Each structure stands twice: as C-alpha cells, then as structure tokens.
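Count the sequence shown with the working numbering and you get residues 67 to 428, in order.
The beta carbon of each residue, even a glycine, is placed where N, CA and C say it ideally should be.
For clarity, every value in this text was computed on a predicted model and none was experimentally measured.
Here the structure is laid out as structure tokens; the discussion comes afterwards.
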Amino acid sequence: MATDDGTYEYKLEHGDDFGRTYFRRFDGLAISSVGVGTYLGDSTDAVDSRYRDAITTALESGINVVDTAINYRCQRSERVVGRAIEEADVSRDSAFVSTKGGFLPFDGERPENPGEYVKREFVDTGLVEREDLARGSHCIAPDFIDTQLDWSLDNLGVEEIDLYYVHNPETQLHARSREEVYDQLEATFTRLEERAAEGDISKYGVATWNALRVPEGDDQYLSLPEIVSRARKAAKAAENTATHLRAIQLPFNVFMADGFTVESHEGPEGPQSALWFAHEAGLNVFTSASIAQGDLASEIPEDVEDRLEGDTTVQRAINFARSAPGVTSSLVGMSRPEHVEENVEAGRFDPLGADAFDAVFE
67 MATDDGTYEY KLEHGDDFGR TYFRRFDGLA ISSVGVGTYL GDSTDAVDSR
117 YRDAITTALE SGINVVDTAI NYRCQRSERV VGRAIEEADV SRDSAFVSTK
167 GGFLPFDGER PENPGEYVKR EFVDTGLVER EDLARGSHCI APDFIDTQLD
217 WSLDNLGVEE IDLYYVHNPE TQLHARSREE VYDQLEATFT RLEERAAEGD
267 ISKYGVATWN ALRVPEGDDQ YLSLPEIVSR ARKAAKAAEN TATHLRAIQL
317 PFNVFMADGF TVESHEGPEG PQSALWFAHE AGLNVFTSAS IAQGDLASEI
367 PEDVEDRLEG DTTVQRAINF ARSAPGVTSS LVGMSRPEHV EENVEAGRFD
417 PLGADAFDAV FE
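Rendered as structure tokens:
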C-alpha cells in the first residue's frame, strides 16, 4: 500500500520538477495532483500494452496516482495497472492506487449476449440477487461489493488497495427509492469499514457521475451530507473509532463545472456545492473527465484559457481542474506514453489561486 514515507520519498525525488502545489496531501500521504485514468480503450492486448507503457512512464515521471475500476475494459484495466506497478522503477509504497466496484464486470472481452452472461455468471451463481440489480448491470449490495473487492485485489496483485470506491451509486435510483439507496450504502459502508480494519483497503469513497453535481430535485441526486452521515453510522457499527470514508470522485472540467457551481448540499450555513462541502468536511476530491475525455484537447473557451498557464490546451484544461477548491488530484485518461509526457508537464505550471478561480465564474 502507499505509505507516508514512501510517497514523501517519491515527492522528494520528483518535487523539484513541478510547481509548489503539485503534490498534495491525502491524509498523511503525498500524492500527485495529476493522476492516470484507465477508462477508455478497447478490450484488446494492443491497448493493454499501450496502457502498461503509459502507466509505467507516468509512475517514473512524477505521477503516483493511478485510478481504475473492475469493469473498465472488462477487468483488463485493473490487470494492466497491476502489471505496470510491478514493472515500473518505483516502490509499491510510493504509488497510490484506487479502484471501484458496482458495475458487473465482464472477463477479458464483452460477451455476445451481455444479459445472458449476467444471468449465468452472476445471478444463477448467487453472486447477485436479482432484486439488488439496477438496469441489469449494477449492484452495490454488501456481499457483492465484498466479492468484487476480492477480485480487484487479485487483478491488481496488491495486498491492500489505497482507495476503494462504491461506483456510481446513483444508478440504483433507477430501481429503488433514495432512502433505500442510502440504506444500502450504509450497509455496504459497514462492510468496507470491516475490510479497512482487516487491512484490505486503506480508505473508501464514492465515485459518481451525476449524483453530487445535480440540483436536489433531480432524479439522480444524492446528498453528500447524508452519505457522510451514513458512513459515520457504518464506522460505529463496525466498531471503528472513525470513518474510513475519505474521498469523492466526480466529473469536473471547463464544460462540466457543476460540482463547483450547483449548491445542492446542505452545509452548516446553508446550501453548498459538492466541492465546497467536501473541502470543509475534510474529504478529498478526485476529478474525473478532467479534459472531458479528450474533448478539451483542442479547444477551451478563450476567456477561460487566457487565465490559465500551460504550453498546450490540454495542459491548461488540466490546470483548470487542479485549480478548483478542495481538489486533491485530477484524473486524465492516459493510454499512450506521449499522452503522459504532455499531461505531466501541466504540473510544472501553477494552477489558479482561489480568487482567480472564482473570477472565472463572475
């Protein structure tokens, strides 16, 4: 697992190459504010090879955050992350690895009949209860997440996962009430608290797409204060002294800034955005889609771009995401070493300060 000493040694080795705020704190760890995402790409050996080279290059160049999920590329992304960590010229305790469970994963390739596969491999075997499924592909019941965590440990080839997310819990709102989703999250958080106590994960969180950045009345909305409250109850049920819920993940970029602009989470003094609530609650924020899955590679709004530092549009887009309050690391898909080389350069520039970032939205 990533350790305080290991990540700080990594920071000492690479820190002089980057801006002052490039490395940021995740509890006691020092982690890079640019991270590798592994979502996109076909489920092929050729893409595996490119990802392995890219992740290895990233780890050896100053990026020590790698994010994946069991369902990404039919489990291939987790497996290639594990191989890259083993092959890179870095120690395991300097690399911060996160993954996610919730979507039913295929194994190596997409089957010809996904519905039949899900029934045969998950429902008929008892891994998933039919009533726990949402949209035929999503389950966050405690027993299922427990099994998925075991699979992820095996895929990654690690003894402990640094951050384990419940993946897109808002998907369950298609099948059950909001209160039922909170109840299921609490039960699953209790299981993750137990796994943290056993040393299988260090921390856990929720990785979302819509849930935390939409207005309260939206069908996909989940309350971050309620999620935190349920995690505290889970810690108590597991007889832990404090909750291990330490992070959220949500999309954030120039085009999708709702996590900063939509005030839908009740804070001590009234409604707050997800980013501000997380910041004040001491939760780490990881941004996904930081360059809008490549859409920001060629153009961002001129009035925003002029405020940002970087030699390329991609670098300026990354630095916009890194500038938001409370952001610990901005994840960017990197499936080729040349992507890594451009993206890591963003960290050599300083992101916007708080006042300058606020000014973008005036």
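Identify the continuous alpha helix (DSSP H) that holds residue i and give its terminal residues.
| i | result |
| --- | --- |
| residue 185 | It is not in any alpha helix (DSSP H) - residue 185 carries neither H nor E in the DSSP assignment. |
| residue 221 | 208 to 222 |
| residue 298 | 290 to 303 |
| residue 114 | 111 to 125 |
With DSSP collapsed to three states, give me the class of residue i.
| i | result |
| --- | --- |
| residue 318 | coil |
| residue 252 | helix |
| residue 338 | strand |
| residue 313 | strand |
| residue 395 | strand |
| residue 350 | strand |
| residue 416 | coil |
| residue 174 | coil |
| residue 326 | helix |
| residue 168 | coil |
What residue does the beta strand (DSSP E) around residue i start on, and which one ends it?
| i | result |
| --- | --- |
| residue 273 | 267 to 273 |
| residue 133 | 131 to 133 |
| residue 331 | 329 to 333 |
| residue 410 | Per DSSP, residue 410 belongs to no beta strand (DSSP E); it is in the alpha helix (DSSP H), 403 to 411. |
| residue 71 | Counting along the chain, residue 71 falls outside any beta strand (DSSP E), though it belongs to the alpha helix (DSSP H) covering 70 to 80. |
| residue 231 | 227 to 233 |
Ignore the nearest five residues each way along the sequence and tell me which others in residue i's own chain have a CB closer than 6 Å to its CB.
| i | result |
| --- | --- |
| residue 199 | 205 |
Please name the residue or residues paired with residue i in a DSSP beta bridge.
| i | result |
| --- | --- |
| residue 98 | 89 |
| residue 366 | For residue 366, which the question treats as bridged, DSSP gives no partner whatsoever. |
| residue 200 | 204 |
| residue 162 | 131 |
Tell me the rounded alpha-carbon separation between residue i and residue j.
| i | j | result |
| --- | --- | --- |
| residue 137 | residue 402 | 20 Å |
| residue 161 | residue 83 | 18 Å |
| residue 257 | residue 230 | 12 Å |
| residue 264 | residue 305 | 12 Å |
| residue 172 | residue 218 | 13 Å |
| residue 290 | residue 116 | 37 Å |
| residue 233 | residue 390 | 22 Å |
| residue 338 | residue 181 | 40 Å |
If you drop the 5 nearest sequence neighbours on each side, which residues of the same chain put their C-beta closer than 8 Å to that of residue i?
| i | result |
| --- | --- |
| residue 427 | 323, 326, 327 |
| residue 410 | 100, 124, 127, 128, 129 |
| residue 159 | 67, 68, 69, 71, 72, 73 |
Near residue i, what residues of its chain come up, given a Cβ to Cβ distance below 7 Å and the 5 sequence neighbours on each side ignored?
| i | result |
| --- | --- |
| residue 106 | 359, 399, 401 |
| residue 74 | 96 |
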